[in-house]
Amino acid sequence: MTGLTRGSARPNQWLRNLNAKIASIPMILTAVVIFLGGTLWTVVYSFTNSKLLPRLSFVGLDQYERLWAAPRWIVSIQNLAIFGFFSLVFSLVIGFVLAALMDQKIRFENTFRTIMLYPFALSFIVTGLVWQWLLNPQYGVQSIIRSLGWESFSFDPLYDADIVIYGILIAALWQGTGLVMCLMLAGLRGIDEDIWKAARVDGIPMWKTYVLIIIPMMRGVIITTLVIIASGIVKVYDLVVAQTSGGPGIASEVPAKYVYDYMFLAQNLGQGFAASTMMLLTVAIIIVPWAYLEFGGGRKRG
Amino acid sequence: MTSVSVRDLSLSFGAVTVLDKLNLDIDHGEFLVLLGSSGCGKSTLLNCVAGLLDVTDGQIFIHDRNVTWEEPKDRGIGMVFQSYALYPQMSVEKNLSFGLKVAKVPQPEIDKRVSRAAEILQIQPLLKRKPSELSGGQRQRVAIGRALVRDVDVFLFDEPLSNLDAKLRSELRVEIKRLHQSLKNTMIYVTHDQIEALTLADRIAVMKSGVIQQLADPMTIYNAPENLFVAGFIGSPSMNFFRGEVETREGRSFVRVGAVAFDVTAYPARGRLHPGQKVVLGLRPEHVKVDEAGTGEVHEATVDIEEPMGADNLLWLKLAGQSMSVRIAGQRRYPPGSTVRLSFDMGVASIFDAATENRL
Amino acid sequence: MDNIAKNSTALSIDAAGARLKDGPRGARPKRTLSRRNIIVYGTLIVVSLYYLLPLYVMIVTSLKGMPEIRVGNIFAPPLEVTFEPWVKAWAEACTGLNCDGLSRGFWNSVRITVPSVIISIAVASVNGYALANWRFKGADLFFTILIVGAFIPYQVMIYPIVIVLREMGVYGTLTGLVIVHTIFGMPILTLLFRNYFAGLPEELFKAARVDGAGFWTIYLKIMLPMSLPIFVVAMILQVTGIWNDFLFGVVFTRPEYYPMTVQLNNIVNSVQGVKEYNVNMAATILTGLVPLTVYFVSGRLFVRGIAAGAVKG
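Chains as they are written, first to last, in this note's numbering: chain A, 1 to 302; chain B, 303 to 662; chain C, 663 to 975.
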């Protein structure tokens with residue numbers, strides 16, 4: 001026992017709170033070794049000509065030049081842009097409209113929510129395979145409509161290189177809009193009831209109240225939802241693998257698949273590292289302004 | 303014999319200094335109240351004594367043992383919290399015995415101490431219940447019991463009655479006082495409620511921004527506040543202050559406030575009051591006599607507002623161009639607009655230097 | 663004063679008398695078939711049908727024989743219900759040379775999910791507790807790196823992890839995959855637990871320290887029993903997340919340890935042989951069954967879980 005003498009020595013700083021430090025070792029290792037170290041490692045090796053095994057022979061921006069010259073990468077980026085734009089717009093609009101409908105003090109709210117959210121519990125693989133089946137030109141939606149008499153009807157996105165990415169979009173929206181609806185509904189419920197009462201007393205029509213008052217008040221929720229959807233879009237991989245395997249041809253390739261294929265199938269690690277570094281850059285472009293708005297400058301939350 | 307002794311205690315969170323070189327000695331068996339408004343550092347000081355906050359500098363002794371770096375459990379203290387902090391999933395009995403079980407006290411001894419504490423606090427019928435099934439007062443009793451079973455000499459109370467309604471608060475206040483009288487151990491009690499402080503304490507330490515403003519028994523604190531802050535903080539409604547200047551005429555001393563001159567010859571000043579000195583005269587509402595034949599001079603004032611409070615009646619008057627309050631017996635009524643004659647007992651008044659704000 | 667009060671009661675009685683004769687009175691009549699209700703419920707029902715359609719088609723297809731699928735349409739209910747596709751999907755479907763069905767993938771997923779869920783929650787809850795109650799210098803810095811790291815695409819960190827696991831000698835094994843799931847579950851779970859523990863009254867923690875309880879005693883005896891709901895939320899989040907994982911399964915395990923999602927994809931998208939859509943759909947339902955069960959059983963808690971999980975992005 002210390003302390004019997006006056007002025008007992010201050011205990012060793014490293015040993016104070018030792019258990020908390022032990023408990024945090026996994027977090028420290030993950031944060032430093034994997035997240036920080038791993039990211040830096042990949043970025044550094046993206047400047048090498050690593051093939052089957054990582055090697056530290058630097059070739060400057062060679063990998064990036066080759067990447068941006070590769071038609072498959074260009075298609076991947078285009079697909080990501082189209083897919084990203086439309087899934088942002090549609091999931092926000094659909095999610096908000098559904099949330100607004102759900103917020104009308106309706107009956108069976110739980111049932112409706114359960115139905116809209118269950119796809120979110122399913123994996124992208126399951127989602128992709130179901131929609132592959134539904135969009136099958138021989139048996140799916142196209143054949144049904146043709147059998148109803150519209151012989152020239154054509155809807156086979158998964159086999160048409162020009163529109164295949166929209167086929168994936170349909171599946172992605174089916175899986176994810178329920179979540180957006182839930183987030184938006186939470187945002188709507190967070191708005192003071194008195195706002196609605198005031199608008200009603202003032203005689204403002206409901207749609208005007210939504211557009212002019214409610215949506216601006218939900219800025220925070222909407223931005224957070226945007227970030228969630230956006231950083232999910234960049235990671236899209238499983239859905240494409242399951243639904244089209246990147247086909248027809250390379251028409252539905254996405255960056256995440258490019259990375260995987262070059263790292264583990266084509267044994268061209270340098271290309272994989274360069275592509276993944278570009279993905280990191282994309283996410284940074286989305287996240288940094290948001291983090292700045294949310295935690296930096298403005299300091300205001302909707 | 304000192305029980306708890308705090309030497310040059312400093313505590314800062316980053317750039318914010320909460321306590322700066324604070325010294326405090328508490329005698330064995332003493333009931334010391336740390337009084338102050340929120341953010342004055344009183345709870346921080348208590349947490350330092352308990353060992354729940356690491357001090358930046360200085361030392362803490364309990365029973366002449368340096369406990370500055372000891373764990374809370376090794377300091378020989380028990381603590382009672384504002385939110386009761388009862389473990390919600392444990393029965394009252396388990397709550398009381400948890401600390402003893404952790405310390406591996408033998409079961410018969412645990413049973414003995416729990417039943418003794420339950421008896422003292424009259425909570426035997428509640429032992430099998432969960433905290434959620436208890437009322438606020440019962441919960442706080444159990445929280446006190448948790449300190450009791452530890453069999454320690456120093457009890458720390460962190461605003462223990464603040465979550466209770468007014469009636470329960472005064473009931474438990476009496477019980478805590480009774481407890482102290484029968485146990486005769488050292489108690490350090492943090493509160494922002496001056497009534498609690500005045501009724502319970504042997505000595506009160508009035509704190510403001512991490513500094514003890516005055517450490518004295520309740521009557522001294524009330525009657526002879528050391529500075530303007532203590533004078534204003536203690537007492538409700540608070541002391542009336544008149545800013546003025548000292549004058550001397552014919553061997554008598556006055557404090558002139560505008561057109562009114564208060565005769566303060568009877569004031570027991572510590573030194574001399576110099577003519578021309580800028581001072582603040584403090585008069586408690588309950589120390590003003592209204593329409594009574596007094597010895598001193600008489601001032602006339604007009605009643606502005608009357609606030610009858612049952613036992614007391616509070617008059618708001620206009621005197622020397624400013625508002626002042628006077629407390630009189632409840633049955634004496636003065637409608638607004640009526641004129642009253644005031645006389646003052648300067649023996650219990652306070653005079654402070656206007657610049658240093660210290661008592662003269 | 664009195665006069666005014668009398669006057670006003672008299673007035674209100676008069677007014678009530680006037681209203682008695684004509685004008686609206688009592689509860690406003692409810693019209694169940696108002697235009698607003700038709701729009702609201704109509705839209706919701708149509709949307710619900712759209713959401714339910716794939717599930718319906720999956721079930722219907724899995725109960726048909728192949729001949730019926732070739733001639734009929736995918737929305738038609740089965741003329742002749744058969745469970746053979748289910749049996750085949752479970753026990754006979756082929757991936758590569760193996761023809762022992764999805765059952766192997768199912769058991770692999772169980773062997774991956776159970777330890778991953780337990781270990782990731784154990785590690786993250788203790789860590790969140792340390793961050794909330796036992797702060798030490800530097801803890802916040804590491805936590806910030808962890809949360810920022812949650813936004814980094816997995817693809818960026820995959821290869822370094824492959825190297826680390828190879829050095830540890832667990833690359834390609836179930837152990838390695840459990841470690842990966844623990845790592846990537848850590849940001850969101852730590853955040854979840856840290857916020858929860860930080861929301862518990864601090865005085866409870868102080869009281870326990872005065873009572874002499876240390877780091878582990880407070881965690882096990884005080885915090886854990888108070889935190890069952892958050893553990894359930896974390897479990898829902900992890901069970902569905904890990905069960906549904908595809909990328910980590912395919913990168914970090916060998917074919918004999920492939921989780922169910924990977925095996926399902928290999929079965930359905932294999933280029934060899936004749937496509938058996940009914941078997942494929944039965945296999946797809948089987949793979950989705952575990953997270954769906956979790957979803958329908960947990961209900962509101964699931965919403966809480968994904969709302970928390972969504973924060974990670």
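The beta carbon of each residue, even a glycine, is placed where N, CA and C say it ideally should be.
Remember, predicted model here, so these are calculated numbers, not experimental data.
Report task. Could you pull the start and end residues of the alpha helix (DSSP H) that Met897 (chain C) belongs to? Result -> Counting along the chain, the alpha helix (DSSP H) containing Met897 (chain C) begins and ends at 890-906.
Query raised in the report: What residues in the region 872-901 of chain C have a beta carbon less than 7 Å from any beta carbon of chain B?
Result: Going along the region 872-901 of chain C in chain order, one finds Val872, Asp873, Gly874, Ala875, Thr879, Ile884, Pro887, Met888 with a Cβ nearer than 7 Å to chain B.
Query raised in the report: For Gly800 (chain C), which of A:Ile28, A:Pro289, A:Thr282, A:Val254 has the nearest alpha-carbon?
Result: Comparing Cα-Cα distances from Gly800 (chain C) to each of A:Ile28, A:Pro289, A:Thr282, A:Val254, the minimum goes to A:Ile28.
**Report entry** Whole alpha helix (DSSP H) elements within the region 348-428 of chain B, 4-residue minimum
**Finding:** Fully contained in the region 348-428 of chain B are the following alpha helix (DSSP H) runs of length 4 or more, in chain order: 394-404, 409-423.
Query raised in the report: What did DSSP end up calling Tyr491 (chain B) once you bin it into helix, strand or coil?
Result: Assignment of Tyr491 (chain B) by DSSP, reduced to helix, strand and coil, places it in the strand class.
Query raised in the report: What separation, rounded to the nearest whole angstrom, lies between the Cα atoms of Ser87 (chain A) and Arg690 (chain C)?
Result: Distance between the alpha carbons of Ser87 (chain A) and Arg690 (chain C) is about 43 Å.
Query raised in the report: Apart from the five residues on each side of it in sequence, which residues of its chain come closer than 8 Å, Cβ to Cβ, to Asp162 (chain A)?
Result: Around Asp162 (chain A): Ala251.
Query raised in the report: Residues bridged to His843 (chain C) by DSSP?
Result: BP columns for His843 (chain C) are empty, so no partner.
Requested in this report: Check whether the region 52-64 of chain A touches the region 827-835 of chain C, taking contact to mean three or more Cβ pairs, one atom from each stretch, closer than 8 Å.
Outcome: The answer is no - the region 827-835 of chain C does not touch the region 52-64 of chain A, with fewer than three Cβ pairs under 8 Å.
Query - Identity of the residue in B:Lys396, B:Asn349, B:Phe459, B:Leu398 nearest Leu374 (chain B) by Cα - result: In the sequence on display, residue 374 (chain B) carries Pro and not Leu. It is B:Asn349 whose Cα lies nearest to the Cα of Pro374 (chain B).
Query - Alpha-carbon to alpha-carbon, Val283 (chain A) and Leu18 (chain A) - result: About 36 Å.
Query raised in the report: Taking buried to mean at least 16 other C-beta atoms within 10 Å of its own C-beta, is Ile195 (chain A) buried or exposed?
Result: Burial is judged here by how many other beta carbons sit within 10 angstroms of a residue's own beta carbon; Ile195 (chain A) has fewer than 16 and is exposed.
Requested in this report: Could you tell me if Trp769 (chain C) is buried or exposed, where buried requires 16 or more neighbouring beta carbons within 10 angstroms of its beta carbon?
Outcome: The residue is exposed, with fewer than 16 neighbouring Cβ atoms inside 10 Å.
Requested in this report: Kindly indicate if chain A contains any beta-carbon less than 7 Å away from that of Trp796 (chain C).
Outcome: Yes, contact with chain A.
Query - Rounded C-alpha distance that separates Lys974 (chain C) from Ser24 (chain A) - result: The predicted position of Lys974 (chain C) is uncertain, since its pLDDT is 39 and thus under 50; a value taken from the coordinates is nonetheless stated next. Rounded to the nearest whole angstrom, the C-alpha separation of Lys974 (chain C) and Ser24 (chain A) is 20 Å.
Report task. Taking Lys868 (chain C) as the query, report the chain B residues whose CB atoms sit under 9 Å from its CB, ordered along the chain. Result -> By Cβ distance, chain B contributes Asn349, Ala352, Leu354, Pro374, Met381, Phe383, Ala387, Asp460.
**Report entry** Residue closest to Ser771 (chain C), alpha-carbon to alpha-carbon, out of C:Val702, C:Val952, C:Val930, C:Ala875
**Finding:** Ranked by Cα distance from Ser771 (chain C), the options C:Val702, C:Val952, C:Val930, C:Ala875 are led by C:Val952.
Requested in this report: Identify, in the order they occur along the chain, each residue of the same chain with its Cβ nearer than 6 Å to the Cβ of Ala571 (chain B), setting aside the five sequence neighbours on each side.
Outcome: The residues are Leu662.
Query - Per-residue burial, Ile285 (chain A) [other beta carbons within 10 Å of its own, 16 or more giving buried] - result: By the neighbour-count rule (16 or more Cβ atoms within 10 Å), Ile285 (chain A) is not buried but exposed.
Query raised in the report: Beta-carbon of Pro747 (chain C) versus every beta-carbon of chain B: anything under 7 Å?
Result: Put simply, the CB of Pro747 (chain C) is far from chain B, with every gap to its CB atoms at 7 Å or more.
Requested in this report: Using a cut-off of 9 Å between C-beta atoms, extract the partners of Ala419 (chain B) located in chain C.
Outcome: Correct list: empty, because the minimum Cβ distance to chain C is about 14 Å.
Query raised in the report: First and last residue of the beta strand (DSSP E) that includes Thr641 (chain B)?
Result: Start and end: 641-646.
Query raised in the report: Nearest to Asn79 (chain A) by CA position, among A:Lys51, A:Gly178, A:Tyr258, is which residue?
Result: Put simply, of A:Lys51, A:Gly178, A:Tyr258 the residue whose alpha carbon is nearest the alpha carbon of Asn79 (chain A) is A:Tyr258.
Query - Selected residue, minimal CA-CA separation from Trp68 (chain A), among A:Ala275, A:Pro289, A:Ala291 - result: When each option's Cα is compared against that of Trp68 (chain A), the closest is A:Ala275.
Query - chain B within 7 Å of Gly763 (chain C), Cβ atoms only - result: Residue contact check for Gly763 (chain C) against chain B: no CB pair falls below 7 Å.
**Report entry** Burial state of Met303 (chain B) (16 or more Cβ within 10 Å)
**Finding:** Under this definition Met303 (chain B) is an exposed residue.
Query raised in the report: Which runs of the beta strand (DSSP E) spanning at least 3 residues fall entirely within the region 500-584 of chain B, listed in chain order?
Result: Here the runs fully enclosed are 505-510, 513-518, 542-551, 554-559, 562-565.
Query raised in the report: Which bits of chain C does Ile303 (chain A) rub up against, with CB to CB less than 9 Å?
Result: It is not possible to answer for residue 303 (chain A), since the shown part of chain A is limited to 1 through 302.
Query - Beta bridge counterpart(s) of Gln624 (chain B) as assigned by DSSP - result: DSSP lists B:Leu621 as the beta-bridge partner residues of Gln624 (chain B).
Query raised in the report: Does the Cβ of Tyr260 (chain A) have 16 or more other Cβ atoms within 10 Å, making it buried, or fewer, making it exposed?
Result: Buried is the call here.
Query raised in the report: Counting Cβ pairs, one atom from each stretch, are 3 or more of them under 8 Å apart for the region 922-942 of chain C and the region 885-893 of chain C?
Result: Inter-segment contact for the region 922-942 of chain C and the region 885-893 of chain C is absent: fewer than three beta-carbon pairs are separated by less than 8 Å.
Query raised in the report: Are the CB atoms of Arg452 (chain B) and Gly380 (chain B) nearer to each other than 7 Å?
Result: Cβ distance < 7 Å, so Arg452 (chain B) and Gly380 (chain B) count as in contact.
**Report entry** Proximal chain C residues relative to Phe400 (chain B), where beta-carbon distance stays under 7 Å
**Finding:** Against chain C, a Cβ distance below 7 Å from Phe400 (chain B) picks out Asp873.
Query raised in the report: What is the DSSP secondary structure of Ala603 (chain B), counted as helix, strand or coil?
Result: In this structure, Ala603 (chain B) counts as strand in the three-state DSSP scheme.
Query raised in the report: From this set, B:Leu585, B:Val382, B:Arg475, which residue's C-alpha is nearest Asp460 (chain B)'s C-alpha?
Result: Shortest Cα-Cα distance from Asp460 (chain B) to any of B:Leu585, B:Val382, B:Arg475 involves B:Val382.
Query raised in the report: If you follow the alpha helix (DSSP H) that Leu951 (chain C) is part of, which residue opens it and which one closes it?
Result: Counting along the chain, the alpha helix (DSSP H) containing Leu951 (chain C) begins and ends at 939-960.
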